[in-house]
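Q:
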Amino acid sequence: MKHIKAIIASIALFAMFAGTSLQAKVEIQWWHAFGGRLGELLDEQVNKFNASQDKYTVVHTRKGNYSETLNAGIAAFRAGQHPNILMVFEVGTASLMAAKGAYVPMYQLMKDAGQRFNPKGFVSAVSGYYTTTDGKMLSMPYNSSTPVLWVNKDLMKKAGLDPEMDLSTWKRVGNALDAAKAKGIDMPFCTCWHSWVHLENFSAYHNIPFATKANGFAGLDTELAFNSPVHIKHIQTLGKWAQEGKFKYMGRRNEAGKNFRAGECMLMTESSAGYAGIKKEAKFEFGIRHLPYYGGTEAPQNTIIGGSSLWALSGKSKEENKATAAFLAFLSKTDIQAKWHQDTGYLGVTTAAASATKKSGFYKSNPGTDLAGIQMMRNKVTQNSKGLRLGSFDQIRGIIDEEMEGVYNGTKTAQVALDSAVKRGNVLLRRFERANK
Amino acid sequence: MEKRVFFKGWWLPTLLVAPQLLISFVFFFYPSGQAIWNSLFLPDPFGLKTEFVGLDNFRFLLSDPYYLASFKTTVIFSTAVSVSSMALGLYLAALADRLIKGAGVYQTLLIWPYAIAPAIAGVLWLFMFNGNIGLASYYLKALGYEWNHTLKGDQAMFLVILASSWGRISYNFLFFLAGLQAIPKSIIEAAAIDGASFWKRFGTIVIPLLSPITFFLLVVNIVYAFFDTFGVIHTITSGGPEQSTTILVYKVFSDGFVSQDLGSSAAQSVILLVLVGILTVIQFKYIERKVHY
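Line order of the protein sequences matches chains U and X.
Okay, so the first sequence: first residue is 4 according to my numbering, each after it adds one.
Okay, so the second sequence: first residue is 1020 according to my numbering, each after it adds one.
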């Protein structure tokens, strides 16, 4: 009996030492939401970091789409099994900000690790989203994009339209769709991310509030306001197009991107970051245009970002936090950022990356890739165009999607649907306010 | 005459029921108690702080029209799944029962779909009806029928019922077939000699003699439709469009794990617990009485 105990003890000891010698490198976990082409590019960044030094290893895991990644991270946090770095899309920002104690703020992380880090190097339209009102940066912007209009030039020609025609307003887009429908184009218009493009960015672009209290930046007691006449007019137009077969609804997220890349859809509103996939798969000539607007309004103001930032979750050892800081600092380097921007169509989130890209002549040889940046920074931001900071916003988007489905399938008018979405969303905002007092 | 076994002393019976009690406690009483406890609180998603709110979660739920609508959705969904899969199962069993040659092959093939997990079945049907690449939707379109279950609630409902019933038909078939084969041939033959037609025999002899099995299957199918169809709904519609396929169990999941509203989710679990309790009592108290064993 004694012998067996001794043997077990020595095996355990051996295993411990073997373990430590293998783990001389500090390993940190990064949970993210990128698959497909974007996933490949992300993997490339991680490999580059792991090869660039011998102290740290980053292991990345895809946890599903944005919402699933956020939920996996939150559930893991409750169970104490969370990763070091969590990718959180812009919609979840308010939820994380309110969860003080769940994360190590970026400025703190960098300071503790002794990393040189300049928050001023980020484009303010992007970093403003992740910075507190007193100027402290809480998370690191990773990928940011803004919606643009994608054009299938071959289908435009088939519809008898000039592929370079003016598509700056929704009225002109409507005319183009009429012509396309008349020529038998099956899917003249499609869109991804309904709420993000047609309500959130729409509000900023037309300089009207999406929610009160500066879209939630000024306080938790904000209320939704996207049922104004201009909003209703736009959603009603989309509903009408859907009824007339000019607009095909493919799903709530970016499902329509498949149809565009396959050459079925003529005009699509989608993130500028659709670029990676479209460039890789499209077998037709495509163009990029600014997001359309309505004349006689304050548009075009500027659009806002979508995308994600990286949060360093709390409860990790000092060594691991150091590794996290080193990796995040690596990601904000100019060459990494410039490459990411050019490969994906995401915005260059640091000013240095944007100017390096310009210098390299990339915009000239890839026309349209600079439009997203221009569109975001074309005017001085107003209270309505700074971004959104709303609690439970992922769920509110779900509600908006549900109600918009009612408009597209013709069971609801835009007025009824948006009023109902505002009412239902406000209930969630009050619940969030109460839980985060 | 009833036979009863008595144990002397108390430790042996205690020991014998202990494993079952332990399992019930760990997997039923403890989680149920947790759900009841949590339904009285409003926690933040990360579990950093929580507030006692009494019955506010229930008040919040019962004033939500979408929650009330999900009761109706659940009733429609479970009835449709149970009735359609049982009817088809019985029909196929009646056919297979009359087979003389190759019965084994037919039976094996008919039981096959039961081996497929709900989530996989969901993905399978989703592929066929996918608006971009689906074969079924392609042919429907060729026939002039516009299929888009991401937008049309009734189509989405039809699809989840179809996908949920499909594997269930096999299960019901299996039990009905066993039931049919257990009916003594002599009774049926006697009725046939008396001049009763097939349908007469089926209606007055077979169905009453099958009633214990039918009752068992009804209970099992309703429980299945209530709880085990989660995978199908999650993969095909995620409860949409406009929550038209959000059944009660799916709402517990989506409010709790998608929306991170654990208070409301716990309250829904409690309501569901009560509901299942009532259903069980009704089933065994009233329906079982009419069953001939």
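Note that beta-carbon positions come from the ideal geometry of N, C-alpha and C, so glycine has one too.
Measuring alpha carbon to alpha carbon, tell me which of U:269, U:170 and U:358 ends up nearest residue 337 of chain U.
A: Residue 337 of chain U has its Cα closest to that of U:358, out of U:269, U:170 and U:358.
Q: Judging by CA-CA distance, which residue of U:81, U:95, U:76 and U:94 is the nearest neighbour of residue 87 of chain U?
A: U:76
Q: With DSSP as the reference, identify every bridge partner of residue 35 of chain U, one or two as the case may be.
A: U:65
Q: Distance check for residue 285 of chain U and residue 265 of chain U, CA to CA, integer angstroms please.
A: 7 angstroms
Q: Quick one: is residue 383 of chain U buried, meaning 16 or more other Cβ sit within 10 Å of its Cβ, or exposed?
A: exposed
Q: In chain U, which residues lie with their C-beta within 7 angstroms of the C-beta of residue 1170 of chain X?
A: 252, 408, 411 and 412
Q: Whole angstroms is fine: what's the gap from residue 399 of chain U's alpha carbon to residue 330 of chain U's?
A: Cα to Cα, residue 399 of chain U sits roughly 33 angstroms from residue 330 of chain U.
Q: Starting from the beta carbon of residue 70 of chain U, find every residue of chain X whose beta carbon is closer than 7 angstroms, and list them in chain order.
A: 1277
Q: So residue 1249 of chain X is in the alpha helix (DSSP H); what residue range does that whole segment cover?
A: 1249-1255
Q: Got a sec: is the Cβ-Cβ distance from residue 437 of chain U to anything in chain X below 8 angstroms?
A: Closer than 8 angstroms to some Cβ of chain X, the Cβ of residue 437 of chain U qualifies, so yes.
Q: Measuring CA to CA, which of U:43, U:48 and U:31 is closest to residue 334 of chain U?
A: Selection U:43, U:48 and U:31 evaluated against residue 334 of chain U yields U:48 as nearest (Cα-Cα).
Q: Is the shortest distance between the beta-carbon of residue 262 of chain U and the beta-carbons of chain X less than 8 angstroms?
A: yes
Q: Are the C-beta of residue 1261 of chain X and some C-beta of chain U separated by less than 8 angstroms?
A: yes
Q: First and last residue of the beta strand (DSSP E) that includes residue 91 of chain U?
A: 88-92
Q: According to DSSP, is residue 255 of chain U part of a helix, a strand, or is it coil?
A: coil
Q: Within this structure, are the beta carbons of residue 269 of chain U and residue 369 of chain U separated by less than 8 angstroms?
A: no
Q: For residue 1223 of chain X, count neighbouring Cβ atoms within 10 angstroms of its own Cβ and tell me buried if that reaches 16, exposed if not.
A: exposed
Q: Relative to chain C, which residues along the stretch 1030-1061 of chain X have a C-beta separation below 8 angstroms, given in chain order?
A: No chain C is part of this structure, whose protein chains are labelled U and X.
Q: Express the C-alpha separation of residue 217 of chain U and residue 132 of chain U in angstroms, rounding to a whole number.
A: 13 angstroms
Q: Beta-carbon separation of residue 279 of chain U and residue 347 of chain U under 8 angstroms?
A: yes
Q: Within a Cβ cutoff of 8 angstroms, which residues of the same chain sit near residue 1039 of chain X, ignoring the five residues on either side of it in sequence?
A: none
Q: Do residue 290 of chain U and residue 163 of chain U count as a contact pair if the criterion is CB distance below 8 angstroms?
A: no
Q: Along the chain, which unbroken stretches of the alpha helix (DSSP H) at least 4 residues long are found entirely within the stretch 144-215 of chain U?
A: For the stretch 144-215 of chain U, whole alpha helix (DSSP H) runs of length 4 or above, ordered along the chain, are 156-161, 173-185 and 205-208.
Q: Considering only the alpha carbon of each residue, which of X:1126, X:1151 and X:1065 lies closest to residue 80 of chain U?
A: X:1065
Q: For the putative contact between residue 34 of chain U and residue 90 of chain U, defined by C-beta atoms under 8 angstroms, what is the C-beta separation to the nearest angstrom?
A: 6 angstroms
Q: Answer with yes or no whether the minimum CB distance from residue 80 of chain U to chain X is below 8 angstroms.
A: So yes, residue 80 of chain U belongs to the interface.
Q: What three-state label does DSSP hand residue 1158 of chain X in the structure shown?
A: helix
Q: Rounded to a whole number of angstroms, what is the C-alpha to C-alpha distance between residue 1302 of chain X and residue 1289 of chain X?
A: 20 angstroms
Q: Could you name the residues that DSSP lists as bridge partners for residue 1133 of chain X?
A: DSSP lists no partner for residue 1133 of chain X.
Q: Can a CB atom of chain U be found closer than 8 angstroms to the CB of residue 1167 of chain X?
A: yes
Q: Please list the partners that residue 105 of chain U has in chain X, where partner means a Cβ-to-Cβ separation under 8 angstroms.
A: 1065 and 1067
Q: For a cutoff of 8 angstroms on Cβ pairs, would you count residue 1163 of chain X as touching chain U?
A: Interface criterion not met: the Cβ of residue 1163 of chain X is under 8 angstroms from no Cβ in chain U.
Q: Of the residues that make up the stretch 1236-1259 of chain X, which ones have a beta carbon closer than 7 angstroms to any beta carbon in chain U?
A: 1259
Q: Mind checking which residues open and close the alpha helix (DSSP H) that includes residue 332 of chain U?
A: 321-334
Q: Could you tell me whether the Cβ of residue 102 of chain U comes closer than 8 angstroms to any Cβ of chain X?
A: yes
Q: Does any C-beta atom of chain U lie closer than 8 angstroms to the C-beta of residue 1141 of chain X?
A: no
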